[in-house]
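Numbering (full-length UniProt numbering), first residue to last: 1 to 278.
Everything on this sheet refers to the single structure shown next.
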């Protein structure tokens, strides 16, 4: 049985939702903006490395605060790092996957608009779903399967005739961008099975539910689209709008709680027993 989710106030959940949405949208827009600059581009590997160093420093700071003293801090590092080489080797696998995923995000946003990227990247949901079914022997409800196919259909519409930006003129390769997203999606689907990435994501997973996370993803798509229209002059096509709508609806449907079939079956059995007893 899964551990009960901690009870927190609605205001805190809304705060987590707002921050997660803004972070997702701002990251995509900022990355796209920096990758379409007329100036000499920076190395994506450098940016990824700096990001991981910052997360490492934040993690060390959080650990130091939780341990409360220098001696306990050193003991924790010695026990969990120096004396656990096997665990470090296991963590190196998702770490490598995340490194590839993050570099593919830079490549994709160098060749695709932020809104198109944000919508297409939601393919990580069906990819993760298939990984859980094939590798963890999990089952999906009929509604979840419908939402998976709906999401794929929505992304197909978006990619069928992608929206184009008019305020920026940069040389880009949409096919290369989509290929980069495909690799990032595969990495994301596998990495989710290995570990939960990101410091803030762990807070969101702990205190919010699937519906709120799905709403946040849909809201991030809307914000990215609006920002792309304002900053890059994105021209919205009918296929892009329909595809985006399908993706947003499918994310919401996929996150809906599954019906408790166990209690229903027990209720049906009890009803039959009462009928037989009569």
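Yeah, the Cβ is synthetic: ideal placement off N, Cα and C, and Gly gets one too.
Note that the structure is a prediction, hence the values are computed from the model and not measured.
Handout entry: Sufficient close CB pairs (3 or more, under 8 Å) joining the region 238 to 247 to the region 136 to 145
Key = no
Practice task
State the start and end residues of the unbroken alpha helix (DSSP H) segment that holds residue 171.
Solution key: By 1-based counting over the chain shown, the position of residue 171 is 171. No alpha helix (DSSP H) contains residue 171, which DSSP labels as neither H nor E.
Practice task
Would you kindly work out how many angstroms separate the C-alpha atoms of residue 174 and residue 35, rounded to a whole number?
Solution key: The residue labelled residue 174 in the question sits at position 174 within the chain shown. The residue labelled residue 35 in the question sits at position 35 within the chain shown. Roughly 14 Å separates the two Cα atoms.
Problem - Given residue 179 as reference, the closest of 213, 226 and 117 once Cα atoms are compared - result: By 1-based counting over the chain shown, the position of residue 179 is 179. Measuring from the Cα of residue 179, the nearest candidate turns out to be 117.
Problem - Nearest-angstrom Cα separation, counted from residue 158 out to residue 119 - result: Numbered from 1 along the chain shown, position 119 holds the residue referred to as residue 119. Numbered from 1 along the chain shown, position 158 holds the residue referred to as residue 158. Each residue's alpha carbon lies about 8 Å from the other.
Problem - Status (buried if at least 16 other CB within 10 Å, exposed otherwise) for residue 110 - result: As a working mapping, residue 110 is identified with position 110 in the chain shown. Burial call: buried.
Handout entry: Buried versus exposed, by CB contacts within 10 Å (16 or more), residue 9
Key = For this step, residue 9 is matched to residue 9 along the chain shown. Using a 10 angstroms sphere on the CB of residue 9, the tally of other CB atoms stays under 16, which defines it as exposed.
Handout entry: Whole beta strand (DSSP E) elements within the region 77 to 135, 3-residue minimum
Key = none
Practice task
Measure the C-alpha to C-alpha separation of residue 222 and residue 229 and round it to an integer number of angstroms.
Solution key: As a first step, residue 222 is located in the chain shown; it is residue number 222 there, counting from the start. As a first step, residue 229 is located in the chain shown; it is residue number 229 there, counting from the start. Each residue's Cα considered, the two are about 11 Å apart.
Practice task
Would you grab the beta carbon distance between residue 21 and residue 219 for me? Rounded to a whole angstrom, and I think it's under 8 Å.
Solution key: The count along the chain shown starts at 1 and reaches residue 21 at position 21. The count along the chain shown starts at 1 and reaches residue 219 at position 219. Indeed they touch by this definition, with Cβ atoms about 5 Å apart.
Practice task
Could you tell me the distance, in whole angstroms, from the CA atom of residue 60 to the CA atom of residue 50?
Solution key: As a working mapping, residue 60 is identified with position 60 in the chain shown. As a working mapping, residue 50 is identified with position 50 in the chain shown. For residue 60 and residue 50, the distance between alpha carbons rounds to 15 Å.
Exercise for the section: State buried or exposed for residue 45, treating a residue as buried only when at least 16 other CB atoms are found within 10 Å of its CB. Expected result: As a working mapping, residue 45 is identified with position 45 in the chain shown. It counts as exposed.
Exercise for the section: In the DSSP assignment, find the alpha helix (DSSP H) that holds residue 138 and state where it starts and stops. Expected result: Position 138 of the chain shown, counted from the start, is the residue given in the question as residue 138. Premise fails: residue 138 is in no alpha helix (DSSP H) and is neither H nor E.
Handout entry: Enclosing alpha helix (DSSP H) for residue 36 [first to last residue]
Key = Here residue 36 is taken as the residue at index 36 of the chain shown, counted from 1. No alpha helix (DSSP H) contains residue 36, which DSSP labels as neither H nor E.
Practice task
Can you grab the Cα-Cα spacing for the pair residue 68 / residue 58, in whole Å?
Solution key: Residue mapping note: residue 68 aligns to position 68 of the chain shown, counting from 1. Residue mapping note: residue 58 aligns to position 58 of the chain shown, counting from 1. Between residue 68 and residue 58, the C-alpha separation is close to 15 Å.
Handout entry: As assigned by DSSP and simplified to three states, the class of residue 42
Key = Taking the chain shown and counting its residues from 1, the one referred to as residue 42 is at position 42. Residue 42 falls in the coil class under three-state DSSP.
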